[in-house]
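Engineer: According to this note's numbering, the sequence shown is numbered sequentially starting from -16. Before anything else, here's the structure in question.
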Amino acid sequence: MKVRVYIFDVMLFCRYPMKYVVAVIEGDGIGPEVMRSALQVLNLVSKNFDLEFVNVDAGDEALKKYGSSLPSDSFEVLSNSHVILKGPIGETAGEVVTKIRRGFDLFANIRPVKVLPGVPCLKRDIDMVIVRENTEDVYVRAEYRFYDTAIALRVISSRASERIAKIAFDYASKRRKLVSIVHKANVLQVTDGLFRDVAKDVSKMYSDVKVEELYIDTAVMDIVRRPEHFDVVLTTNLYGDILSDIAAYVAGGLGLAPSANIGIDKAMFEPVHGAAFDIAGKNVANPIAMIRSAAWMLRWLGEKYNDQSAIKSGNMVEEAVNYMLKLGMKTIDLGGDLGTKEFTAKLLEIIKFNES
-16 MKVRVYIFDV MLFCRYPMKY VVAVIEGDGI GPEVMRSALQ VLNLVSKNFD LEFVNVDAGD
44 EALKKYGSSL PSDSFEVLSN SHVILKGPIG ETAGEVVTKI RRGFDLFANI RPVKVLPGVP
104 CLKRDIDMVI VRENTEDVYV RAEYRFYDTA IALRVISSRA SERIAKIAFD YASKRRKLVS
164 IVHKANVLQV TDGLFRDVAK DVSKMYSDVK VEELYIDTAV MDIVRRPEHF DVVLTTNLYG
224 DILSDIAAYV AGGLGLAPSA NIGIDKAMFE PVHGAAFDIA GKNVANPIAM IRSAAWMLRW
284 LGEKYNDQSA IKSGNMVEEA VNYMLKLGMK TIDLGGDLGT KEFTAKLLEI IKFNES
């Protein structure tokens, strides 16, 4: 009996670009404007892989149109995507974001804070990562009203605390080897006490990483007073939300700050900033945070699916943004004279030049 062995030519399959389905939530306010910029950039740099953008109804307009800020059909589209790219949401942000984060167990909210070239800021030597638990705390949205009293349930579990702590210590082990655990266990002894204790237990597995503890009020002050001190900040959901905003401001502004919501099998990338209805439609919104979030999305896809082209493209976008800022080509909020469309057009020119 002859046994026929079929040997597949792996290189044959490599000739075909990987196809990624990207669920796109434009958002509200300035969301459609900055998302348009990001999609233009993504379309330009995706020559060696295939991005299929699927628009998803979510947010304030979806609520008006369908009676739900995140209709079931939209959630199904999100489920069938490789990754989610989300713009800022308006008044319904809490409902949309928490449903997605908890629905897909995107437990790690990662927010890097680093001063970009040529950007005016309070201090220049800032390079930290805020690692925020993303599925618990008061953001479980269990709030109740009893006559003239409002009650909110706060949830902190050992499981969630442990897995986010591991993310933080993994980051620190590859950086400057310092984790700052931020809590308020002197007052919230049970909930913050649990988070702190679990984080300290995890720290025992990382003997080369230094650990410090800060109360949330002290951490806010120190991020303004001595931001250069911080490497990796590990904290709970609500505190992380507050700290990442103030840190982004200290480093130059919310218009620059990307963020990632990462789970085991899926991730969502979004700018830190909000919908900014007051400047919507005026061509003055800074698209950098949205563009950097999209670049990060490419790197995540590349790392997850072993696609070097996606990683290279993500890095290329990041480098092009830095190059523009270094040359003084900045948006209005940064003291420059470029509108949303003009900044995007110049960025596309630089990327095209680098590709040629």
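Glycine included, each C-beta is placed from N, C-alpha and C at the ideal position. Because the structure is a prediction, the values reported are computed rather than measured.
Thinking C-beta only, is proline 270 closer than 7 Å to isoleucine 109?
Structural biologist: no
Engineer: Please report the residue range of the alpha helix (DSSP H) in which methionine 299 lies.
Structural biologist: 291 to 309
Engineer: Looking only at its own chain, which residues have a Cβ that is under 6 Å from the Cβ of isoleucine 72, when we skip the five neighbours before and after it?
Structural biologist: Gly10, Asp11, Gly42, Val79
Engineer: Quick one, are the C-beta atoms of leucine 237 and valine 216 less than 7 Å apart?
Structural biologist: no
Engineer: Compute the Euclidean distance between the alpha carbons of alanine 182 and histidine 212, then round it to the nearest angstrom.
Structural biologist: Their Cα atoms are separated by approximately 20 Å.
Engineer: Whose C-alpha, out of Leu68, Thr201, Ile199, Phe90, is nearest the C-alpha of tryptophan 279?
Structural biologist: Leu68
Engineer: Given 8 Å as the limit, is there contact between the segment 153 to 162 and the segment 137 to 145, that is, 3 or more CB pairs closer than that?
Structural biologist: With a cut-off of 8 Å, the segment 137 to 145 and the segment 153 to 162 do not count as touching, because too few Cβ pairs lie within range.
Engineer: With DSSP as the reference, label glutamate 9 as helix, strand or coil.
Structural biologist: coil
Engineer: Can you check the segment 125 to 196 for any alpha helix (DSSP H) of at least 4 residues that lies completely inside it and give the ranges in chain order?
Structural biologist: DSSP runs (the alpha helix (DSSP H)) wholly in the segment 125 to 196: 141 to 156, 174 to 186.
Engineer: Taking the alpha carbon of serine 144 as the point to measure from, which residue in Ala133, Leu177, Asn169, Val123 has its own alpha carbon closest?
Structural biologist: Leu177
Engineer: For valine 233 versus valine 267, is the C-beta spacing smaller than 7 Å?
Structural biologist: no
Engineer: Pull up the distance between the alpha-carbon of isoleucine 199 and that of leucine 25, whole angstroms please.
Structural biologist: Going from the Cα of isoleucine 199 to the Cα of leucine 25 covers about 38 Å.
Engineer: May I ask you to report which of helix, strand or coil DSSP gives glutamate 344?
Structural biologist: No answer is possible for residue 344: the residues shown for the chain start at -16 and end at 339.
Engineer: According to DSSP, is glutamate 119 part of a helix, a strand, or is it coil?
Structural biologist: coil
Engineer: Under the DSSP definition of a beta bridge, which residues are partnered with arginine 94?
Structural biologist: Arginine 94 is bridged by DSSP to Ile113.
Engineer: Can you find the residues in the same chain that come closer than 7 Å, C-beta to C-beta, to glutamine 291, ignoring five residues on each side of it along the sequence?
Structural biologist: Gly285
Engineer: Which of the three DSSP states is assigned to valine 267 in this structure?
Structural biologist: coil
Engineer: Please report the distance separating the alpha-carbon of lysine 313 from that of glutamine 172.
Structural biologist: 46 Å
Engineer: Compare the C-alpha of threonine 323 against each of Ala250, Gly264, Asn298 and name the closest.
Structural biologist: Out of Ala250, Gly264, Asn298, Gly264 has the C-alpha closest to the C-alpha of threonine 323.
Engineer: Could you give the first and the last residue of the continuous alpha helix (DSSP H) run that contains glutamate 332?
Structural biologist: 323 to 338
Engineer: Take the Cβ of glycine 311 as the centre, count every other Cβ of all protein chains shown within 10 Å, and call the residue buried at 16 or more, exposed below.
Structural biologist: By the beta-carbon neighbour count (other beta carbons within 10 angstroms, threshold 16), glycine 311 is exposed.
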